[in-house]
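A.B. asks: First the structure, then my questions, so here it is.
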Amino acid sequence: EDKVVQSPLSLVVHEGDTVTLNCSYEVTNFRSLLWYKQEKKAPTFLFMLTSSGIEKKSGRLSSILDKKELSSILNITATQTGDSAIYLCAVPYSGGGADGLTFGKGTHLIIQP
Amino acid sequence: DAGVIQSPRHEVTEMGQEVTLRCKPISGHNSLFWYRQTMMRGLELLIYFNNNVPIDDSGMPEDRFSAKMPNASFSTLKIQPSEPRDSAVYFCASSLAIGAGGITDTQYFGPGTRLTVL
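Next comes the structure, spelled out in structure tokens:
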């Protein structure tokens, strides 16, 4: 059974700090790993990673995949209160075509002013 | 683009009643997914469709749950009869599966329907 584990489950930091969120996965036929940000509403897409060692970046957020370690990290630098959210990691099911996603439980990030 | 549209946004019903949740995927997307989110279990896939055909419904918890996709722009998730343990936020998501091996896994989520069964 495919599995996604995120750590930490929650994290409280001060504005301006840098945070690193972790995701590890077990999947039969790995194809990609996705990061989502969920505030009070629906998850919104951040990154999709397919290749090991290639960093994807969007503003203060960046993410990288390590296929050897079966893991990914999401970094947020110079955090702001607006970064407070649940960050979800997901991998597609092991079939072909468009598949459902297996999600981790998420990291609840709280940025204090 | 309006994004994925779900209705209703909130539903409060009594145990035993039938509940129907609706979803309109992003125009042009050919894959549609229904998820359920609870505090205890997180986000779980219930069922998904490719080109209106159900592909995997192994996540549907019981026979009380059913889903249909009569056309490319509409899907329903029905619970009959509803029970208090069905209370959750139900998300619909859509994506574009490109043929000839060009797969995109990025799914776009609707705002969700918060269901409360009393």
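Chains as they are written, first to last, in this note's numbering: chain A, 1 to 113; chain B, 1001 to 1118.
Where is the CB? At the ideal position from N, CA and C, for every residue including glycine.
For clarity, every value in this text was computed on a predicted model and none was experimentally measured.
Terminal residues of the continuous beta strand (DSSP E) containing residue 1022 of chain B?
C.D. replies: Numbered from its first residue, the second sequence carries residue 1022 of chain B at position 22. Element bounds for residue 1022 of chain B: 1019 to 1024.
A.B. asks: I need the DSSP call for residue 50 of chain A, collapsed to helix, strand or coil.
C.D. replies: As a working note, residue 50 of chain A is residue 50 in the first sequence. If DSSP states are grouped into helix, strand and coil, residue 50 of chain A belongs with coil.
A.B. asks: Take the Cβ of residue 3 of chain A as the centre, count every other Cβ of all protein chains shown within 10 Å, and call the residue buried at 16 or more, exposed below.
C.D. replies: Residue 3 of chain A sits at position 3 when you count from the first residue of the first sequence. Label assigned to residue 3 of chain A: exposed.
A.B. asks: Rounded to whole angstroms, what is the Cα-Cα separation between residue 43 of chain A and residue 88 of chain A?
C.D. replies: Along the first sequence, read from residue 1 onward, the residue named residue 43 of chain A stands at position 43. Along the first sequence, read from residue 1 onward, the residue named residue 88 of chain A stands at position 88. For residue 43 of chain A and residue 88 of chain A, the distance between alpha carbons rounds to 8 Å.
A.B. asks: Provide the residue span of the beta strand (DSSP E) that contains residue 9 of chain A, from first to last.
C.D. replies: For the purposes of this step, residue 9 of chain A is identified with residue 9 of the first sequence, where counting begins at 1. Segment: none, residue 9 of chain A is in no beta strand (DSSP E) and carries neither H nor E.
A.B. asks: Within this structure, are the beta carbons of residue 1036 of chain B and residue 1090 of chain B separated by less than 7 Å?
C.D. replies: Translated into positions along the second sequence, residue 1036 of chain B becomes position 36. Translated into positions along the second sequence, residue 1090 of chain B becomes position 90. Against a cut-off of 7 Å, the Cβ pair of residue 1090 of chain B and residue 1036 of chain B comes out as a contact.
A.B. asks: Would you mind telling me which residues of chain A sit closer than 8 Å to residue 1045 of chain B, beta carbon to beta carbon, in chain order?
C.D. replies: As a working note, residue 1045 of chain B is residue 45 in the second sequence. In chain order: 93, 100, 101 and 102.
A.B. asks: Please go through the same chain and pick out, in chain order, the residues whose beta-carbon is closer than 7 Å to the beta-carbon of residue 1111 of chain B, but skip the five residues on each side of it.
C.D. replies: Reading the second sequence from its first residue, position 111 is the one you call residue 1111 of chain B. Taken in chain order, the residues that qualify are 1006 and 1009.
A.B. asks: Within 10 angstroms of the Cβ of residue 38 of chain A, are there 16 or more other Cβ atoms? Answer buried if so, exposed if not.
C.D. replies: In the first sequence, the residue the question calls residue 38 of chain A occupies position 38. Buried, by the Cβ-count rule.
A.B. asks: From A/74, A/70 and A/104, pick the residue whose C-alpha is nearest to that of residue 28 of chain A; which is it?
C.D. replies: The count along the first sequence starts at 1 and reaches residue 28 of chain A at position 28. Here the closest residue by C-alpha is A/70.
A.B. asks: Can you tell me which of the three DSSP states residue 83 of chain A falls into?
C.D. replies: Numbered from its first residue, the first sequence carries residue 83 of chain A at position 83. Residue 83 of chain A falls in the helix class under three-state DSSP.
A.B. asks: Would a check of beta-carbon distances place residue 1025 of chain B closer than 7 Å to chain A?
C.D. replies: Locating residue 1025 of chain B in the second sequence gives position 25, where the first residue counts as 1. Answer no: the Cβ-Cβ gap between residue 1025 of chain B and chain A never drops below 7 Å.
A.B. asks: Considering only DSSP beta bridges, list what residue 21 of chain A is partnered with.
C.D. replies: On the first sequence, residue 21 of chain A is found 21 positions in, with the first residue counted as 1. Paired residue(s): A/74.
A.B. asks: Could you tell me which uninterrupted beta strand (DSSP E) segments, each at least 3 residues in length, are contained entirely in the segment 1048 to 1093 of chain B, listed from first to last along the chain?
C.D. replies: Listed in chain order, the complete beta strand (DSSP E) runs (minimum 3 residues) inside the segment 1048 to 1093 of chain B are 1053 to 1056, 1065 to 1071 and 1074 to 1079.
A.B. asks: Please report the distance separating the alpha-carbon of residue 1038 of chain B from that of residue 1088 of chain B.
C.D. replies: Looking up residue 1038 of chain B in the second sequence gives position 38. Looking up residue 1088 of chain B in the second sequence gives position 88. About 5 Å.
A.B. asks: Can you tell me which of the three DSSP states residue 1009 of chain B falls into?
C.D. replies: Start at 1 with the first residue of the second sequence, and residue 1009 of chain B comes out as number 9. It is coil, neither helix nor strand.
A.B. asks: Can you give me the C-alpha to C-alpha distance between residue 1068 of chain B and residue 35 of chain A, rounded to a whole angstrom?
C.D. replies: Locating residue 1068 of chain B in the second sequence gives position 68, counting from the first residue. Locating residue 35 of chain A in the first sequence gives position 35, counting from the first residue. If I take the Cα positions, the gap works out to 28 Å.
A.B. asks: Starting from the beta carbon of residue 1033 of chain B, find every residue of chain A whose beta carbon is closer than 7 Å, and list them in chain order.
C.D. replies: Residue numbering aside, residue 1033 of chain B sits at position 33 when the second sequence is read from its first letter. What residue 1033 of chain B touches in chain A: 100.
A.B. asks: Take every Cβ of the segment 1048 to 1058 of chain B, pair it with every Cβ of the segment 102 to 112 of chain A, and state whether three or more of those distances are shorter than 8 Å.
C.D. replies: No: fewer than three Cβ pairs fall under 8 Å.
A.B. asks: How would you write the range of the beta strand (DSSP E) that residue 1029 of chain B sits in, first residue to last?
C.D. replies: Residue numbering aside, residue 1029 of chain B sits at position 29 when the second sequence is read from its first letter. Unbroken run through residue 1029 of chain B: none, as it is neither H nor E.
A.B. asks: For chain A, is any of its Cβ atoms less than 7 Å away from the one on residue 1090 of chain B?
C.D. replies: Your numbering for residue 1090 of chain B matches position 90 in the second sequence. By this cut-off, residue 1090 of chain B is not an interface position.
A.B. asks: Please list the terminal residues of the continuous beta strand (DSSP E) segment that includes residue 61 of chain A.
C.D. replies: Reading the first sequence from its first residue, position 61 is the one you call residue 61 of chain A. That run of the beta strand (DSSP E) goes 61 to 66.
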